[in-house]
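All remarks here apply to the structure that follows.
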Amino acid sequence: MLAVLDGPVRVAYDLVTGLTSALHPLAGGLSAALAIVVFTAGIRLALLPLSRRQAAAGRARQRLAPQVEALRRRHRDDPVRAHQEVTALYRAEGTSMFAGIGPALLQMPVFTVVYRLFLSPAVGGHANLLLANTLFGVPLGSRWLLSPGAFGPHGLVFLALFILLAVVAWWTSRRMYAGQPAPAGPLARAMRLLPFGTVAVAAYVPLAAGLYLLTSTAWSTAERAILWRGVTAG
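Our numbering applies: residue 1 is where the sequence shown begins, and numbers increase by one.
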């Protein structure tokens, strides 16, 4: 683990273990798994203002796309003039070609810390006790591909996780070009298959990281359906 992440990961660890203790009277043996879900949802909720800014920038780019294309056609022989005109158009609308990139970059360190928490066998020089908790008898630190009981009863827990991830990936893929002309060719097909990569990742990472992945991707799908409604409506 990078040393710079030690402090933030320790804070995240304390929060999740605290949630586990708080939820134990209600959820019993499921408290750690539920704590991961609640913690991940809390992180995504805290980052919602950044997501809203990304969505607003996306709607602005979609709205201005016909005018941008017209300007580029008009000045196709003068790329510098075309760039200046497009930049002026975005500025007049109070946005830019790169609006939304900043919020996306700010989210990445947070996701890195959370993901590292659920991957790390040790936190702050001590064993990551969070991974010793179980979900229906399966340790949260176990990995499906490395588990001797991958195809036994414990494998059913992973199977349920894979199915849920596949459903979320299917819905993400289905809505990827909703309301917009879908590009053709191998790249477009590859982009539609990309969301299903979460299933492959979940087969390798610890179960705790898989739960984080499921919660975060499900949140992203719902968030895009709501916040990007103006974009997907075409």
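Beta carbons: idealized from backbone N, C-alpha and C, even for Gly.
Where residue i sits in the DSSP three-state scheme
i      : result
LEU135 : strand
ARG81  : helix
ARG143 : strand
ASN128 : coil
PRO49  : helix
GLY179 : Residue placement at GLY179 cannot be trusted, given a pLDDT of 46 that sits under 50; the coordinates are not used to answer.
VAL205 : coil
HIS24  : helix
PRO153 : coil
GLU69  : helix
TRP171 : helix
TRP219 : helix
GLY197 : helix
ALA33  : helix
GLY58  : helix
Sequence-distant residues of its chain with Cβ nearer than 6 Å to residue i (five each side left out)
i      : result
PRO181 : With a pLDDT of 48 at PRO181, under the threshold of 50, the modelled position of this residue cannot be trusted; read the value that follows with caution. If we look at PRO181 and ignore the five residues flanking it on each side, it has no Cβ neighbours.
ARG224 : none
PHE269 : As displayed, the chain neither begins before 1 nor continues past 234, which places residue 269 out of reach and without an answer.
PRO186 : none
Contacts around residue i, its chain only, beta-carbon distance under 7 Å, and the 5 residues preceding and following it disregarded
i      : result
PHE196 : ALA166 and ALA169
SER147 : HIS154
LEU119 : VAL205, PRO206 and ALA209
GLU198 : The question names Glu, but residue 198 is Thr in the sequence shown. The residues are LEU165, ALA169, LEU213 and THR217.
PRO8   : VAL113
LEU47  : GLN107 and VAL110
Paired residues, beta bridge with residue i - DSSP
i      : result
VAL11  : The partner list for VAL11 (beta bridge, DSSP) is empty, contrary to what the question assumes.
ALA122 : ALA127
Rounded distance between the beta-carbons of residue j and residue i, thought under 8 Å
i      : j      : result
LEU213 : VAL201 : 6 Å
HIS75  : ALA82  : 4 Å
LEU135 : ALA33  : 4 Å
Member of the options whose CA lies at the smallest distance from the CA of residue i
i      : options                           : result
ARG63  : ARG175, THR95 and GLY137          : THR95
ILE242 : ALA22, ALA55 and TYR13            : Shown here, the chain extends from 1 to 234; a query on residue 242 therefore has no answer.
LEU159 : TYR204, ALA127 and ILE101         : TYR204
ALA12  : LEU106, THR172 and ILE43          : ILE43
VAL38  : ARG73, ARG143, VAL114 and ILE163  : VAL114
TRP171 : HIS126, THR134, TRP144 and SER220 : SER220
LEU89  : ALA70, ARG143 and SER142          : ALA70
ASN128 : ARG10, LEU5 and VAL4              : ARG10
LEU105 : MET191, THR40 and SER51           : SER51
Contact set for residue i: own chain, Cβ-Cβ below 8 Å, skip 5 residues either direction
i      : result
ALA132 : PRO139, LEU140 and GLY141
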